[in-house]
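Taken in order, the sequence shown gives residues 2 to 109; the numbers are from this note's numbering.
In this text, a Cβ means the ideal position worked out from N, Cα and C, and glycines have one as well.
Following: one structure in structure tokens, then a few remarks.
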Amino acid sequence: EQIRVQLSFVLQAVFAQQLLSAASGTGRVLACEVMLATAAVKNLIREQKVEQINTVIQTGGKYGMVTMNQALVDLYKRQKISYQEAVTRSSDPEDLKKLLQKTLSVTS
């Protein structure tokens, strides 16, 4: 418990990165997940509710937070990566497919 409390006090941000194959067939594209240590994130760490952090990241766009799936959807929409690359590199492909469906139906 003490380690969680200490981590919640010192944590500033976490970045997760993946290099993906570019849709063009040459080169790589960076996908980046960003979590900032907001009060909500710090509280979830202290309360041992880390499984809820992804939800905070999903709704934390106004703070600059982005989930990996949101980053993959953005890259796919901008035709930087293929659909297959997005699905293959997602840690939650079912969520990614739902997000793609929702996002693409809104923009159509």
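Around the beta carbon of Ser-92, a 10 Å sphere encloses fewer than 16 other beta carbons of the protein chains shown; the residue is thus reported as exposed.
For the 9 Å CB-CB criterion, Ala-23 and Ile-82 form a contact. Counting C-beta pairs with one atom in each stretch, the region 26-43 and the region 93-100 have fewer than three that are closer than 8 Å, which means they do not touch. For Arg-29, there is no enclosing alpha helix (DSSP H); the residue is part of the beta strand (DSSP E) that begins and ends at 29-37.
In this model, Met-66 and Glu-2 are separated by some 26 Å (Cα to Cα).
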